[in-house]
Amino acid sequence: MNSNMTPINNQTLVIIGNGMVGHHCVEQLTERGALAHYQVHVFGEERQRAYDRVHLSEYFGGRDAESLAMCEAGFYEQHGVHMHLGVAVLEIDRERKEVVTSEGRQAYDRLVLATGSYPFVPPIAGADGNSRLVYRTLDDLDAIRAAAKGARRGVIVGGGLLGLEAANALKSLGLEAHVVEFAPRLMPVQLDPDGGAALKARIEELGVRVHLNRATSEIVAGEEYAYRMNFSDGESLETDLIVFSAGIRPQDALGHNAGLNVAERGGVVIDSDYQTSDPDIFAIGECASWKGNVFGLVAPGYTMARNLASLLMGEPHESFIGADMSTKLKLLGVDVGSIGDAHAATPGAKSYRFNDEVNSSYRRLVVSPDGSQVIGAVLVGDNSFYDTLLQYAQNGIKLPADPASLILPAGEGAPALGADALPDTATICSCHNVSKGAVCCQVDAGCVDLGDLKAATKAGTGCGGCSALLKQVFEHELSARGVEVDKSLCEHFAHTRQELYGIVRVEGIISFDELLTKHGYGQIGCDICKPAVGSILASCWNQPITAPSLVPLQDTNDTFMANMQNNGTYSVVPRIAGGEITPDKLIALGAVAKKYDLYTKITGGQRIDLFGAELHQLPDIWGELIDAGFETGHAYGKSLRTVKSCVGSTWCRYGVQDSVGMALVLENRYKGLRSPHKIKFGVSGCTRECAEAQSKDVGVIATENGWNLYVAGNGGMRPRHAELFATDLDDQTLIRYIDRFLMFYVRTADRLQRTSVWREGLEGGLDYLKDVIINDSLALGAELESQMQLVIDRYECEWANALKDPEKLKRFRTFVNDERGDPDIKFVKEREQRRPLQAHELNLIPLAEEAL
Amino acid sequence: MIEHSQSAEQQSVAWRVLCTRQDLVANSGVVALLDNTQVALFHLPQYSEGEQLFAVENRDPKSGANVIGRGIVGYIKGDLVIASPLYKQHFRLVDGSCVEYPEQRLRVWPVRLSDDRVEVAIATE
Ligand SMILES: Cc1cc2nc3c(=O)[nH]c(=O)nc-3n(C[C@H](O)[C@H](O)[C@H](O)COP(=O)(O)OP(=O)(O)OC[C@H]3O[C@@H](n4cnc5c(N)ncnc54)[C@H](O)[C@@H]3O)c2cc1C
Ligand code: SF4
Ligand code: SF4
Ligand code: FES
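Chains A and B are the protein sequences, given in the same order.
The first sequence begins at 1 in full-length UniProt numbering and counts up one residue at a time.
The second sequence begins at 1 in full-length UniProt numbering and counts up one residue at a time.
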């Protein structure tokens, strides 16, 4: 309908509600130039301008209201939108076409309702104040935070999506969290019984208590806690505060009172063109009911806002066709996903189930009666299956021969859907309704940068859930068109790290500026190329990284030769080669830690990490450590970290070689070597492998006849076993191979590529690597060794170097115009040591101080 | 308010000395206290358009930690930027806006070198 909707100049458009959807509508209108045709007035009941409700919980994780805002402060004024914040619309006077507010009346030609919804609180006797909190707005969260002060336990009524999120928030406020659910399982809307059971097991593991099948009949004063909740089955639970999350109800009172049609289950009735029963009044977002359904997610609300904006501008627009209510989220750190017909309600639907009760992982795949298509799914514990399943469901892609493989654990050949298997109509980003076809259009129009693609289509800028898929599709489409996927380091260098390494070596370049002038573009550099080049220069020439020309290149950790932690303080790790330390040095270390009140922890690399030092304290701390005979441990650098060892033949009854002795030789040889990523070693005294050498970049294991060498293992996010590289080596050969191996890696790896990934990417694999290192097939052996020797000869403890030079020490000041430390850094005691105060604990200070 | 802005502006700004040129670190940052506010100062002595000095808020809005002064200065897509050292998001030095997250923003101050003194402008009543 309504192709004749072209607005006449200077009509007045009033939007009630400045939530996510109302705001999106304004944004869409301004993009379409609506302000030339309409006077736009926005009324928002909340004090704050529209903010990101989806990420509301991050308010307890340290984000403030300003950083959650949906737009910059001056956005509305800049575009000439009249914004009335903190002003509720009290009544719609359809006769006179005016809205009535506390500020007076405002006439409208067209009116948009975007009033969202409100939390439903069941009528329970005694619910009031701190026993009747809700979780919807910033003000609600402030109220919860205030109530949590001094409280020990909190109860959430309602075990749905939002309830569990609220439970997490209570936990983060330091409360013992309980969830009380009326239904026999958690998330009854999205999950089936087995999924609910898996989720409950996971959540209880995290310390949240779950009470199912409980209806609250009344709330009375408690004995041990402030309140007691009496349940209809005679049980009871005491608590200091109660948050209701028992569902939401559309905010339809305005419409109702103005005589607009309201749906039986709530919501202002709209047709497929967002029109209410009054042709000049529209409704979008959570306050609208379409065919009896209210859509409680932001994506459908955005769709409505976008289409309504087009319609109001008289542009071609899409009618509403309903929305996919599939969701994926992380609740309390647990993956939960629900797609389409999760309950297999479709007559004749069949299900596949995978239930791992040991790990509380559950997956259910619901297929159409003829078994050809995915129509729904439930995931608990692992959402890595979500993207693929959603694409199958949304695009009606034909199931593989063995549908169960779609939900079986990886490694059993689950056919992940490649980007090319998706049809052009496949939705990539549902928040901003971007299809694969739209991505292709951008690529065809010459877009070769992911950032530009996001800016042009907005894909990935809503909930962010589609980012990985978007990148995959984008890169696939680029390569499909023969566009080489850009491997440039950054906008300043059209070279890979390997190429830059070659240039630096061959041309003997020793500074960033020289490299940028001769081989780069633009000026200054950026935080990608500066540290990468800094590392290359150090690998090649090993000048002190404290040199004035190198300082601005480094990440903060390298600049200040310590590891920055989450509150801006640093941790300090002196080298303890091979994990061997004399009692005197241990005492000295303890004395320093005690003097500066540093949190002390043994690391996985057999050394000691001292946390909580402020910038201006680092030189003093290091002065004392160096006096006690320590040197820097390079824990801050992409460089050799540690050589872990067992005691070997010196003490161990099984040992066949002196593993500590070898560890010391290796650590002292390679300390200070800068590399594309960190490097770890391990040396074990026999095959029992107590030093876990096979999980290291370089692993050495003693044999009766010498040493076995393993390479390219690592722990971390994606563990990989090191591969046996050579056997029964004598000391000299072992060292020669390691020299060559490390230098070859330094020379050919990508930026931030560990040896494992580098090795997997080597064409020719392990055999090729053996050929280069052992058989010297590239005739590089001597060169690699001499390059290593140069690095070794130039080694100098960076901290000793810095302490000699007052000019360099100038940088180690928290403030250049004040002696004090950072007043915002606050600590509390825990288990007799200091630790940083978390943002959400600010209200705990008094408690913590009491405990001191 | 508006009609007086011209003269008011001149009167309402005062230049406050924070430190000296010798305190700055070329192509990198240092931090100074301005009453209770932490100001990160970035100095680019050899920028193509002439020597540059910027004063931005030291507090990283994402982490809440006072670390911006310890980030890396860069030039991205035509803007001089500072990368936060904790989560690596970029802020434009000119106006403090964030490249990746429009909702994050750093406060900025007008700043100048007068002789060897580093001065920022603050509004006075
Ligand atoms: C904690 C939480 C987590 C969520 N997580 C997700 C998620 O992961 N994914 C997802 O898709 N969705 C999520 N949602 C839901 C999502 O936030 C909503 O779908 C979305 O905010 C709806 O937008 P809206 O503009 O329709 O309503 P709202 O954002 O509620 O905005 C309505 C606004 O209108 C104002 N208003 C109401 N009446 C009046 C009046 N008479 N006069 C003036 N102003 C009025 C209200 O004060 C409110 O500010 C979550 C919600 C919450 C609370
Ligand atoms: S690896 Fe062998 S030598 Fe080393 S501690 Fe274990 S058993 Fe003993
Ligand atoms: S695993 Fe590593 S990165 Fe993760 S919290 Fe621990 S120390 Fe930090
Ligand atoms: S799906 Fe939410 S940002 Fe793309």
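The beta-carbon is built from N, C-alpha and C at its ideal position, and this holds for glycine as well.
- Within the same chain, His432 come within 6 angstroms of Lys458(A) by CB-CB distance, once the 5 residues on both sides are set aside.
- Ligand 2 has a heavy atom closer than 7 angstroms to the beta-carbon of Ala691(A).
- About 30 angstroms separates the beta carbons of Trp799(A) and Thr650(A), which is beyond the 8 angstroms limit, so they are not a contact pair.
- A Cβ of chain A is located within less than 8 angstroms of the beta carbon of Pro61(B).
- In this structure Lys671(A) is buried. Its beta-carbon is surrounded by 16 or more other beta-carbon atoms within 10 angstroms.
- For secondary structure counted as the beta strand (DSSP E) over 3 or more consecutive residues, the stretch 627–675 of chain A holds these complete runs in sequence order: 640–645.
- Take the alpha-carbon of Asn714(A) and the one of Lys696(A): they are about 5 angstroms apart.
- It is roughly 10 angstroms from the alpha-carbon of Val99(A) to the alpha-carbon of Phe43(A).
- C-alpha of Ala36(A) to C-alpha of Leu29(A): approximately 10 angstroms in a straight line.
- Short of 7 angstroms from the beta carbon of Gln391(A), and not among the five residues preceding or following it, lie these beta carbons of its own chain, in chain order: Ile397, Leu417, Leu422, Ala426.
- Val31(B) is positioned such that its CB atom lies no closer than 8 angstroms to that of Gly78(B).
- Close to Val111(B), with beta-carbon spacing below 7 angstroms, lies no residue of chain A; the smallest spacing is near 14 angstroms.
- Pro806(A) places its beta carbon 8 angstroms or farther from that of Ala749(A).
- If you look at Ile576(A), you'll find it isn't in any beta strand (DSSP E); DSSP assigns it neither H nor E.
- For Val108(B), the closest C-alpha among the options Tyr101(B), Leu41(B), Ile72(B) is that of Leu41(B).
- Not a single heavy atom of ligand 2 lies less than 7 angstroms from the C-beta of Tyr710(A).
- Shortest Cα-Cα distance from Val89(A) to any of Ser467(A), Val112(A), Gly234(A), Thr687(A) involves Val112(A).
- The beta carbon of Asp192(A) lies closer than 7 angstroms to those of Ala342, His343, Arg364, Val378 in the same chain, with the five residues before and after it left out.
- Chain-order list of chain B residues neighbouring Gly525(A): Gly74, Tyr75, by C-beta distance under 8 angstroms.
- In the same chain as Asn708(A), and ignoring 5 residues on each side of it, the C-beta atoms closer than 6 angstroms to its own belong to Ile701, Thr727, in chain order.
- Just so you know, the alpha carbons of Arg834(A) and Gly590(A) end up roughly 15 angstroms apart.
- In the three-state reduction of the DSSP assignment, Glu507(A) falls in the helix class, which pools H, G and I.
- Counting of Cβ neighbours within 10 angstroms places Gly348(A) among the exposed residues, the total staying below 16.
- When rounded, the separation of the alpha-carbon atoms in Lys808(A) and Glu357(A) is 58 angstroms.
- Rounded to the nearest angstrom, the gap between the Cα atoms of Thr496(A) and Gly522(A) is 17 angstroms.
- Neighbours of Asn817(A) across chain B, judged by C-beta separation under 8 angstroms: Leu18, Cys19, Asp23, Ala32, Leu33.
- The stretch 229–238 of chain A makes no contact with the stretch 93–107 of chain A, as fewer than three CB pairs between them are under 8 angstroms.
- Remark: C-beta atoms of Tyr76(A) and Leu68(A) do not approach each other more closely than 8 angstroms.
- Taking a C-beta distance under 8 angstroms as the contact criterion, Leu618(A) and Tyr570(A) qualify as a contact pair.
- Within the model, the alpha-carbon separation for Leu106(B) versus Val67(B) is close to 12 angstroms.
- For ligand 1, no non-hydrogen atom lies closer than 7 angstroms to the CB of Met187(A).
- In this structure, Ser117(A) has its beta carbon less than 7 angstroms from a heavy atom of ligand 1.
- Put simply, the CB of Ala55(B) is far from chain A, with every gap to its CB atoms at 8 angstroms or more.
- Asp194(A) sits in a helix when the DSSP states are folded into three classes.
- Residues of the stretch 558–584 of chain A with a C-beta atom less than 8 angstroms from some C-beta of chain B are Thr559, Phe560, Met564, Asn566, Asn567, Gly568, listed in chain order.
- At least one heavy atom of ligand 1 falls within 7 angstroms of the beta-carbon of Gln251(A).
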